[in-house]
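S.K.: Numbering (the working numbering), first residue to last: -10 to 300. The beta-carbon is built from N, C-alpha and C at its ideal position, and this holds for glycine as well.
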Amino acid sequence: MSDPVRQKAKASKPASTTTEQLEDRPPFLGFGLGLRAQHYQDILDGNPEVDWFEVLSENYMVPGGRPLAMLDRIVERYPCVMHGVSLSIASTAAFDEDYLDGLNTLAKRVQPKWISDHLCWTGVHGVNLHDLLPIPYTREALDHVVSRVHYVQERLGRQLCLENVSTYVQFDQSEMPEWEFISELTRRTGCWLLFDVNNVFVSAFNHGYDALAFLNGIPADRVIQFHLAGHSDMGNYVVDTHDHPVREEVWDLYKAALKRFGPVSTMIERDDNIPPLADMLDELQHARELAAEVLEPKNVAPNPAKTTTNA
Ligand SMILES: [Fe+2]
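1. How close, in whole Å, do the beta carbons of Gly23 and Glu43 come, if the pair is a contact with beta carbons under 8 Å?
2. Among all the DSSP beta bridges, which residues are the ones paired with Gly112?
3. So which residues put a beta carbon under 5 Å from any heavy atom of ligand 1, going in chain order?
4. When burial is assigned at 16 or more other CB atoms within 10 Å of the CB, is Asn195 buried or exposed?
5. So, with DSSP's three-state summary, where would you put Thr127?
6. Can you give me the start and stop residues for the alpha helix (DSSP H) that Ile63 sits inside?
7. State the Cα-Cα distance for the pair Val186 and Gln162, rounded to the nearest angstrom.
8. Let me know the secondary structure DSSP gives Leu95 once reduced to three states.
9. Less than 9 Å separating the beta-carbons of Asp106 and Gly54?
10. Return the Cβ separation of His301 and Thr178 in integer angstroms, given the expectation that the two are a contact with Cβ distance under 8 Å.
11. Three-state secondary structure (DSSP) at Thr178?
12. Note down, in chain order, each residue of its chain lying with its Cβ closer than 6 Å to the Cβ of Ser221, except the 5 sequence neighbours on either side.
13. Residues in its own chain within less than 7 Å of Trp240 by CB, not counting five upstream and five downstream?
14. Pick out whichever of Asp260, Leu247 and Val154 has its Cα sitting closest to the Cα of Arg277.
15. Among Met50, Cys69, Gly91 and Val253, whose alpha-carbon lies nearest the alpha-carbon of Leu182?
16. Under 8 Å: do the region 115 to 122 and the region 164 to 171 share three or more Cβ pairs, one atom per stretch?
17. Between which two residues does the beta strand (DSSP E) carrying Gln214 extend?
18. For Gly35, does the count of other Cβ atoms within 10 angstroms reach 16, so buried, or fall short, so exposed?
19. With the cut-off set at 9 Å, would you say Leu92 and Met59 are in Cβ contact?
20. Can you tell me which of the three DSSP states Glu86 falls into?
21. Count the other C-beta atoms from every protein chain shown that fall within 10 angstroms of the C-beta of Ser46, then say buried if there are 16 or more, exposed otherwise.
22. Should Ala209 be counted as a contact of ligand 2 given a C-beta to heavy atom distance under 8 Å?
23. For Thr94, which residues from the same chain have a beta carbon less than 8 Å from its beta carbon, with the 5 sequence-adjacent residues on both sides left out?
24. What residue from Ser136, Glu238 and Ile263 has the CA that sits closest to Ala200's CA?
25. Under the three-state reduction of DSSP, which class applies to Trp41: helix, strand or coil?
26. In the DSSP assignment, find the beta strand (DSSP E) that holds His28 and state where it starts and stops.
27. Enumerate in chain order the residues of its own chain whose CB-to-CB distance from Gln148 is below 7 Å, with the five nearest sequence positions on each side excluded.
28. If you drop the 5 nearest sequence neighbours on each side, which residues of the same chain put their C-beta closer than 6 Å to that of Pro15?
29. Can you check DSSP and say which residues form a bridge with Leu183?
30. With 16 as the cutoff for other CB atoms within 10 Å, does Met223 come out buried or exposed?
Shown next, in the form of structure tokens:
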């Protein structure tokens, strides 16, 4: 990271909020899980106390089959959101219009509370690298991503929700810290933000900045979802592996995020070493209890039918 960016990190203060932005805020859904095939039957048999599910869009962009049949039954019972990994919003390649059509088709079926993807690129020149790749935080890149977000929002007929990714390299060309880039992006496009608490921890650790500078640099009224996940500690760096329970240092950052952002729909991602549903429910209960400690208990009751505002 270049020195001017570090200077900005030290000087960052909480960004301000605006009341008109709060009026169309999506609902607070409570405490959810990522929907995984290993848990389909337990969910349908047990109706577990999960407030909502996050559905991985690409897994259901097919014309039929068991996953879609399971999904149909689950969306009848639980509020859902859609989360994708293939939008490649920051790429210089043209959008995959079939993919955007597929998102719209799936959205008609799921009726998601919102649709999210990542602030990253995943490929170029027809090559999909199947990874969430970092971008330089330059004014030129910002203009580019702003125009792409506007396009996607037109195509989807709704505001997009974008997630910060975990990163392992940075660009000397960056002209601003990540949180300033994200703040400008949401200000100029109206997109919502998915604040991945673990990703902030991972990137801050790997690049040697203060995770609280990131947290305080994001406009509080734009964050509508938290991700929590486990990472792997490699000693002098950490990797966002989603194969462990959430680590204690990430729970600490989650508490700080709750203080700053208020009641925000929270879910846990687990993509490898997936444990039984009961274990995920225990971990989710821990998130509920931390939120009740940090916030007034009445503020952590889900209300999927209504909009809510941050404390
Ligand atoms: Fe995430």
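M.R.: Reading off the structure:
1. By 1-based counting over the sequence shown, the position of residue 23 is 34. By 1-based counting over the sequence shown, the position of residue 43 is 54. About 5 Å separates the two Cβ atoms, so the contact holds.
2. Counting from one through the sequence shown, the residue named residue 112 turns up at place 123. Asn117, per the DSSP bridge assignment.
3. Asp185 and His216
4. For this step, residue 195 is matched to residue 206 along the sequence shown. Buried, by the Cβ-count rule.
5. Numbered from 1 along the sequence shown, position 138 holds the residue referred to as residue 127. Thr127: coil per DSSP, three-state reduction.
6. For the purposes of this step, residue 63 is identified with residue 74 of the sequence shown, where counting begins at 1. Its alpha helix (DSSP H) spans residues Arg55 to Arg66.
7. To locate residue 186, count along the sequence shown from 1; it is residue 197. To locate residue 162, count along the sequence shown from 1; it is residue 173. Cα-Cα distance, rounded: 25 Å.
8. Walking along the sequence shown from the start, residue 95 turns up at place 106. Note: Leu95 maps to helix in three-state DSSP.
9. In the sequence shown, residue 106 corresponds to position 117, counting from 1. In the sequence shown, residue 54 corresponds to position 65, counting from 1. Contact flag unset, no.
10. In this structure the chain extends from -10 to 300, so residue 301 is not present and cannot be described.
11. Position 189 of the sequence shown, counted from the start, is the residue given in the question as residue 178. Three-state result, Thr178: helix.
12. As a position in the sequence shown, residue 221 is number 232, starting the count at 1. Taken in chain order, the residues that qualify are Val228 and Thr230.
13. Indexing the sequence shown from 1 puts residue 240 at position 251. Here the set comprises Leu279.
14. By one-based count along the sequence shown, residue 277 stands at place 288. Checking every option, the nearest Cα to that of Arg277 belongs to Leu247.
15. In the sequence shown, the residue the question calls residue 182 occupies position 193. Measuring from the Cα of Leu182, the nearest candidate turns out to be Val253.
16. no
17. Reading the sequence shown from its first residue, position 225 is the one you call residue 214. Note, Gln214: beta strand (DSSP E), Val212 to Leu217.
18. Numbered from 1 along the sequence shown, position 46 holds the residue referred to as residue 35. Under this definition Gly35 is an exposed residue.
19. Along the sequence shown, one-based indexing puts residue 92 at 103. Along the sequence shown, one-based indexing puts residue 59 at 70. No. Outside cutoff.
20. Within the sequence shown, the letter at position 97 stands for residue 86. Helix, per DSSP.
21. As a working mapping, residue 46 is identified with position 57 in the sequence shown. Ser46 is buried by the Cβ-count criterion.
22. For the structure depicted, ligand 2 is absent and the ligand set comprises only ligand 1.
23. Mapped onto the sequence shown, residue 94 falls at position 105. Result list for Thr94: Met50, in chain order.
24. Here residue 200 is taken as the residue at index 211 of the sequence shown, counted from 1. Closest by alpha carbon: Glu238.
25. Taking the sequence shown and counting its residues from 1, one reaches residue 41 at position 52. Three-state result, Trp41: strand.
26. Numbered from 1 along the sequence shown, position 39 holds the residue referred to as residue 28. That residue, His28, is in no beta strand (DSSP E); it is neither H nor E in DSSP.
27. Translated into positions along the sequence shown, residue 148 becomes position 159. The answer, listed in chain order, is Gln142, Gly179, Cys180 and Trp181.
28. Here the question's residue 15 lines up with position 26 in the sequence shown. These residues qualify, in order along the chain: Lys102, Trp103 and Ile213.
29. As a working note, residue 183 is residue 194 in the sequence shown. According to DSSP, Leu183 bridges with Glu152 and Gln214.
30. In the sequence shown, the residue the question calls residue 223 occupies position 234. The residue in question, Met223, is exposed, as its Cβ has fewer than 16 Cβ neighbours within 10 Å.
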